[in-house]
Amino acid sequence: MSGAGSTKFGGFDSSTMIWINRRCDEFERLWQQTQHASLRDYLQSIDDEPPLASESFRRELIYLDVFYRTRFGIEIHSKAYQELIPTYDDHQISQLMESAIGMDVSPHEWQAGQRVGDYVIEALIGRGGMGEVYRATHELMGRQVAIKVLRQSIHHDPLARKRFEREVHATAGLSHPHILAALDARQINGVLCLVTQWVEGETLSTIVAQDGPIPVEETLQIGIQIAEALQYAHQSGVIHRDIKPSNLLLDFKGDIKVLDLGLAKLRSELDGVSSSEPLTSSQHMLGTAEFVSPEQARSPDQVDARCDIYSLGCTLFYLLSGKAPYQGDTGLDTVLQHCQAEVPGLVDVVGVESIPIALSDYVRSMMAKAPDERPGTMSEVKEALSQWLEPCDQPTLSSRDPENVRTPNDSVRSRPFQYAGLAVAVVLMLGAVNHFFGFGTDLKATANGLRFDGQASYAEVEGFNIPINTIAIIEAWVTPQPGPSPSNLVNWLGDESLILFLSKDDRWGVAAMHRGRPILEVSAEPVRFGQRQMVAAVRDTDQLQLWIDGERVQTRSLNFEPFPSRLGLYLGGVPEGILPIEQGPRFFSGELHGLRLSMGKGFIPAATAEQLTDTAATIALFRFDENRGQSTRDHTENQWNARLVNVVWVP
């Protein structure tokens with residue numbers, strides 16, 4: 001194994017990047033704790049700033065400083081930033097500031113029923129760092145489509161615009177049954193748009209999260225279809241560079257669709273022009289930490305088709321085991337494992353009785369550190385996977401009867417590939433960037449979670465010190481069970497608070513303290529016990545909303561007595577002494593599978609577990625995927641640790 005210092009990313013060795021990442025974390029925590037940090041004072045407190053990385057480090061600190069000054073309404077002085085990076089002119093400083101401000105402002109948004117060009121908007125499906133995705137209908141043809149819109153705040157950013165145009169260029173030239181079809185690209189109402197086909201189905205990450213690992217034969221069929229699509233893309237001059245389960249959709253006919261060519265790199269030798277300008281600076285890495293190849297982590301502009309082979313190997317590993325091959329505490333830790341750790345074998349994870357040893361070895365060869373040690377082409381991968389696909393009597397992906405398709409209320413897969421009848425947005429957005437590493441993270445949980453007994457179990461997030469500032473959101477992926485009521489599922493406490501709870505008549509509710517005044521709203525409909533659901537509590541100053549499975553629900557207002565509480569975050573209940581004794585124990589009964597806390601404007605609550613990702617607005621993100629131990633770790637850079645008391649892991 002190579003030493004840590006020998007691994008380089010974009011010109012910096014890993015020890016330097018770890019130092020920068022930790023310092024950025026430290027400065028961000030300072031802002032969160034004080035809400036008025038001084039960048040100049042912080043830099044003066046540092047005596048070991050690496051000279052060669054000084055400009056990049058200070059750029060990231062300025063980005064964070066602008067972001068938090070905007071969030072907390074504090075004046076910004078561009079001249080002070082230019083003094084910190086003398087090599088930057090006014091325009092470069094302005095671009096940096098606009099990029100940071102753009103992460104915390106409401107993006108351009110179209111409304112349902114609005115006519116946009118030839119299309120009528122039906123719904124906003126999702127948003128990310130590059131923009132929004134809408135479901136729409138072509139007005140004359142009546143065909144449903146997905147419209148990807150470049151975010152207004154970065155519309156004039158040359159880098160973002162070029163990346164968007166690159167995606168349009170890459171997608172427009174491809175026509176394959178297993179690649180999402182591009183239908184149109186234009187500027188509509190002053191914004192850049194990419195229109196693609198709308199496909200009903202579920203991504204592989206959602207399927208594994210809901211149902212667990214996929215059987216070998218179905219995984220092989222999936223892998224063959226992906227290899228066919230990528231072989232075609234590679235021959236067309238397109239490298240995907242972000243193959244992962246959440247970019248692979250299985251439709252209800254059993255066909256795979258490869259999504260999101262936003263990271264595609266066109267090979268210059270096939271389009272007859274010189275190598276185009278890199279779409280990221282040398283310090284940025286595009287891709288997703290759990291599935292990125294070592295060479296892409298080191299030099300994102302120096303990859304070829306073999307990086308897709310590596311990522312497909314990681315994806316097959318995930319489909320067969322329910323776990324990514326490498327799982328570090330942070331995105332950077334995970335990437336370092338890709339570069340340095342021994343390549344894991346599937347048989348070591350799932351057992352020799354569950355998978356052929358030869359197949360395990362082949363997937364391992366796809367994940368070889370050196371590109372030359374991997375299979376050479378996707379055609380070779382397809383041929384190899386076909387060897388293990390033996391004829392049998394099991395149903396295939398393309399022969400599922402309609403009555404066997406699982407309804408949204410089913411919780412167990414009774415036969416292979418029975419999926420929820422949910423329409424999903426098939427153009428996935430680039431995730432918001434955390435510092436300069438650009439790592440996204442997939443939801444890695446299967447059916448995991450924490451089980452609270454309704455009697456004495458709870459989780460305390462140690463050292464949690466983020467006060468609520470105007471807009472706050474709690475999103476919980478949860479399976480409630482009958483038990484004592486009222487009960488509190490999530491308690492974000494402090495002078496300003498937000499609580500997601502079950503009322504004494506078994507209805508979801510949201511409560512808050514705002515400037516010493518209590519506010520409470522309760523759902524008009526009773527809770528669905530025993531069913532997994534996405535429940536969100538939203539607070540905008542003194543207004544409360546309750547969302548269930550991505551839809552805002554009708555509520556009614558109730559009164560309750562105000563009570564003081566110190567700053568903290570508790571799940572499933574609270575220990576004695578935190579709430580007034582007259583509040584009662586309030587322990588929740590049920591399973592909590594995922595949790596996200598956020599603060600910021602322009603936020604649409606998640607409808608599915610897959611949407612619980614780390615964004616610029618995220619304060620805490622728990623996936624509860626450790627499956628053991630007396631604590632669970634947050635998946636943001638805050639790295640909160642939740643101590644578990646009388647809590648049982650869901651098997």
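Numbered by UniProt numbering, the letters in the sequence shown go through residues 1 to 651 in order.
Each residue gets a CB set at the ideal place from its N, CA and C atoms; glycine is no exception.
Going by DSSP, which residues form a beta bridge with Leu493?
The residue you call residue 493 lines up with position 493 of the sequence shown. Its beta-bridge partners are Gly568.
Beta-carbon contacts of Ser360 that lie in its chain and below 7 Å, excluding the five residues immediately before and after:
Here residue 360 is taken as the residue at index 360 of the sequence shown, counted from 1. These residues qualify, in order along the chain: Gly345, Leu346, Val347.
Can you tell me whether Asn469 is buried or exposed, with buried defined as 16 or more other CB within 10 angstroms of its CB?
As a working note, residue 469 is residue 469 in the sequence shown. Residue environment: Asn469 is assigned as exposed (fewer than 16 neighbouring CB atoms within 10 Å of its CB, all protein chains considered).
Length at least 3, wholly inside the segment 349-390: the beta strand (DSSP E) runs in chain order:
Correct list: empty.
Please return the same chain residues whose Cβ sits closer than 6 Å to the Cβ of Ala181, not counting the five positions on each side in sequence.
The residue given as residue 181 occupies position 181 in the sequence shown. In its chain, beyond the 5 residues on either side, Gln197 have a beta carbon closer than 6 Å to the beta carbon of Ala181.
Which residues mark the beginning and the end of the alpha helix (DSSP H) in which Tyr42 is found?
Within the sequence shown, the letter at position 42 stands for residue 42. Here the alpha helix (DSSP H) through Tyr42 covers 39-44.
What does the Cβ neighbour count give for Arg115, buried or exposed, with the cut at 16 atoms within 10 Å?
Walking along the sequence shown from the start, residue 115 turns up at place 115. Residue environment analysis places Arg115 among the exposed positions, since fewer than 16 neighbouring C-beta atoms fall within 10 angstroms of its C-beta.
Quick check: the segment 616-627 against the segment 538-557, are there 3 or more CB pairs under 8 Å?
Contact fails between the segment 616-627 and the segment 538-557, because fewer than three Cβ pairs, one in each stretch, are under 8 Å apart.
Am I right that Pro486 and Leu502 are in contact with their C-beta atoms under 8 Å? What's the rounded C-beta distance?
On the sequence shown, position 486 is the one that residue 486 refers to. On the sequence shown, position 502 is the one that residue 502 refers to. Contact flag correct, Cβ pair sits at about 6 Å.
For the alpha helix (DSSP H) that contains Leu204, what are its first and last residues?
Numbered from its first residue, the sequence shown carries residue 204 at position 204. It spans 204-211 - the alpha helix (DSSP H) in which Leu204 sits, taken as one unbroken run.
For Lys257, does the count of other Cβ atoms within 10 angstroms reach 16, so buried, or fall short, so exposed?
By 1-based counting over the sequence shown, the position of residue 257 is 257. Classification of Lys257: buried, given that the 10 Å Cβ count is 16 or more.
Thinking C-alpha only, which one of Val238, Asp251, Pro177 is nearest Glu228?
Counting from 1 along the sequence shown, the entry for residue 228 is found at position 228. Distance check between Glu228 and each of Val238, Asp251, Pro177 places Pro177 closest, using alpha-carbon atoms only.
List the endpoints of the continuous alpha helix (DSSP H) containing Pro294.
Within the sequence shown, numbered from 1, the residue matching residue 294 stands at position 294. 294-298 is the span of the alpha helix (DSSP H), which, as asked, contains Pro294.
Straight-line CA distance for Ile222 to Asp304?
For the purposes of this step, residue 222 is taken as the residue at position 222 of the sequence shown. For the purposes of this step, residue 304 is taken as the residue at position 304 of the sequence shown. So the alpha carbons of these two residues sit roughly 23 Å apart.
Identified DSSP bridge partners for Lys148
Here the question's residue 148 lines up with position 148 in the sequence shown. Lys148 pairs with Val133, Leu194.
Please report the distance separating the alpha-carbon of Thr219 from that of Leu320.
Here residue 219 corresponds to residue number 219 of the sequence shown, with the count starting at 1. Here residue 320 corresponds to residue number 320 of the sequence shown, with the count starting at 1. Taken atom to atom, the span from the alpha-carbon of Thr219 to that of Leu320 is near 7 Å.
Quick check: the Cα distance between Ile474 and Gln225, rounded to an integer number of angstroms?
Here residue 474 is taken as the residue at index 474 of the sequence shown, counted from 1. Here residue 225 is taken as the residue at index 225 of the sequence shown, counted from 1. In a straight line, the C-alpha of Ile474 is about 38 Å away from that of Gln225.
Delimiting residues of the alpha helix (DSSP H) encompassing His234
Within the sequence shown, residue 234 is the residue found at index 234, counting from 1. Element bounds for His234: 216-235.
Using the Cβ count rule (16 or more neighbours within 10 Å means buried), how would you classify Gln543?
Taking the first residue of the sequence shown as position 1, residue 543 is located at position 543. By the neighbour-count definition (other C-beta atoms within 10 Å, threshold 16), Gln543 is an exposed residue.
Examine the Cβ distances between the segment 23-35 and the segment 63-70 and report whether three or more of them are shorter than 8 Å.
These segments touch.
Could you pull the start and end residues of the alpha helix (DSSP H) that Ser321 belongs to?
Here residue 321 refers to the residue found at position 321 of the sequence shown. Under the DSSP assignment, Ser321 falls in the alpha helix (DSSP H) whose first and last residues are 306-321.
Mind checking Asn434: buried by the 16 CB within 10 Å criterion, or exposed?
Locating residue 434 in the sequence shown gives position 434, counting from the first residue. Confidence at Asn434 is low in this model, with a pLDDT of 34, below 50, so the placement of that residue should be treated as unreliable; the coordinate-derived value is given next. When all chains shown are included, Asn434 counts as buried.
Taking the continuous alpha helix (DSSP H) assigned at Leu52, which residues delimit it?
On the sequence shown, residue 52 is found 52 positions in, with the first residue counted as 1. Neither: Leu52 is in no alpha helix (DSSP H) and is coded neither H nor E.
Just to confirm before moving on: does the CB-CB distance between Trp477 and Gly594 stay below 8 Å?
Stepping through the sequence shown from its first residue, residue 477 is reached at position 477. Stepping through the sequence shown from its first residue, residue 594 is reached at position 594. A contact, by the Cβ cut-off of 8 Å.
Residue closest to Asp333, alpha-carbon to alpha-carbon, out of Ile357, Cys307, Gly322, Val292:
As a first step, residue 333 is located in the sequence shown; it is residue number 333 there, counting from the start. When only C-alpha atoms are compared, the closest one is Val292.
Could you give the DSSP three-state label for Ser274: helix, strand or coil?
Taking the first residue of the sequence shown as position 1, residue 274 is located at position 274. Residue confidence is low: Ser274 scores 30 on pLDDT, short of 50, so the model does not pin down where it sits. No coordinate-derived value is stated.
Given Thr632, which residues of its chain have a CB within under 8 Å of its CB, disregarding the five upstream and five downstream residues?
Residue mapping note: residue 632 aligns to position 632 of the sequence shown, counting from 1. If the five residues before and after Thr632 are omitted, its C-beta is found closer than 8 Å to the C-beta atoms of Leu450, Ala459, Phe622, Phe624, Glu626, Asn641, Ala642, Leu644, all from its own chain and listed in chain order.
Give the DSSP-derived three-state secondary structure of Glu290 in the structure shown.
Within the sequence shown, numbered from 1, the residue matching residue 290 stands at position 290. In this structure, Glu290 counts as helix in the three-state DSSP scheme.
Would you say Phe587 and Phe452 are within 8 Å of each other, going by their C-beta atoms?
If you number the sequence shown from 1, residue 587 lands on position 587. If you number the sequence shown from 1, residue 452 lands on position 452. The answer is yes: Cβ separation under 8 Å.
What does DSSP give as the partner residues of Ile93 in its beta bridges?
Position 93 of the sequence shown, counted from the start, is the residue given in the question as residue 93. Paired residue(s): none; Ile93 is not in a bridge.
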